[in-house]
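Heads up: the sequence shown at position 55 corresponds to 55 in my numbering, and the numbers run straight through without jumps. Each residue gets a CB set at the ideal place from its N, CA and C atoms; glycine is no exception. Treat the numbers as computed from the prediction; the structure is a model and nothing was measured. Beneath this line is the structure, given in C-alpha cells, with notes to follow.
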Amino acid sequence: MNNPNTAQDAGIRCEQLKAYFESLSRESVLNLGDFYASNVWFKDPFNEVNTLNEVRDIFLKMFDQVGEPRFVIGDMINQGDQLFMTWDFLFSIKGINKGKSMTCRGSSHLKFDANDKVVYHRDYWDTSEELYEKIPLVGGFMRWLKSRAA
C-alpha cells in the first residue's frame with residue numbers, strides 16, 4: 001500500500017482493509033503482513049501483543065476456537081494516519097446456543113506508519129454484553145450482575 005497523500009489514497013486504503021477483513025480466512029491471515037507492520041501493537045479485551053507474528057497467532061487461534069468467524073465492517077472514519085471502524089463479528093460456538101450464529105459488535109482504532117502499514121490496532125467491545133451474556137448459565141449471571149450494578 002502507498003502512503004495516503006490524498007483523501008483518495010486514504011479511501012483506497014480503507015476499502016482494501018475492509019475487503020481484507022470481510023474475506024478473512026485461515027489462509028489469508030498469512031497475508032496480514034501486507035497490511036500490518038512487523039512491530040504492530042495489538043490489544044483487545046483478551047490479548048495485548050506487539051509483533052506481527054503474535055497478531056497472526058491470535059487470528060489463527062480465532063479460527064480454532066469458533067465456527068465460521070466472519071467480520072462485517074460498518075462505518076469507517078479515516079483521518080490522516082488513523083482509521084476508526086465499527087464491525088460485527090459473526091461466529092458460532094459448538095455446544096453453545098445450539099451452534100447458531102452469534103454476533104459481537106465492536107470497533108477498532110488503527111494507526112498507520114509512513115509506509116502505510118498498521119502499527120497500532122486497538123479493539124473495543126464489551127465482553128459481558130457481546131459475549132458472556134449470550135452463553136447459557138453464564139449469561140443469566142452476567143445479566144443479573146449488570147442489573148444489580150445499575
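C-beta neighbour in chain B for residue i, strict 8 Å
i, result
"S38", "Protein chain content of the structure displayed is limited to a single chain, and chain B is not contained in it."
Inter-residue CB distance, residue i and residue j (contact presumed, cutoff 8 Å)
i, j, result
"F91", "M76", "Incorrect: roughly 21 Å between the Cβ atoms, too far for contact."
"E22", "V72", "6 Å"
"L110", "Y124", "Not a contact, Cβ separation roughly 12 Å."
"G74", "F89", "About 11 Å separates the two Cβ atoms, so there is no contact after all."
"L52", "L83", "Wrong, their Cβ atoms sit about 18 Å apart, outside the cutoff."
"F35", "L60", "About 16 Å; that fails the 8 Å criterion."
"D113", "A37", "6 Å"
"I93", "V66", "6 Å"
Per DSSP, the bridge partner or partners of residue i
i, result
"W41", "Y120"
"R13", "R13 is not bridged to any residue."
"Y20", "Y20 pairs with nothing; no bridge assigned."
"R26", "Bridge partners of R26: none, in fact."
"E48", "K43"
"F71", "F89"
Residue span of the alpha helix (DSSP H) that contains residue i, given as start and end
i, result
"F63", "L52 to Q65"
Whole-angstrom distance between residue j and residue i, CA atom to CA atom
i, j, result
"P4", "W87", "No answer about P4 holds up, because its pLDDT of 46 lies below 50 and its placement is not dependable."
"K100", "F63", "16 Å"
"F42", "E48", "6 Å"
"Y20", "I58", "16 Å"
"R13", "Q79", "12 Å"
"S108", "R70", "15 Å"
"L24", "V55", "14 Å"
"V40", "E68", "26 Å"
"F46", "R122", "11 Å"
"C104", "D44", "13 Å"
"D81", "L30", "24 Å"
"N50", "E15", "25 Å"
Notebook entry, point to check: Where are the beta strand (DSSP E) runs, 3 residues long or more, that stay fully inside the stretch 73-112, in chain order?
Noted result: Every beta strand (DSSP E) stretch that sits fully inside the stretch 73-112 and reaches 3 residues is listed by chain position as 82-92 and 102-112.
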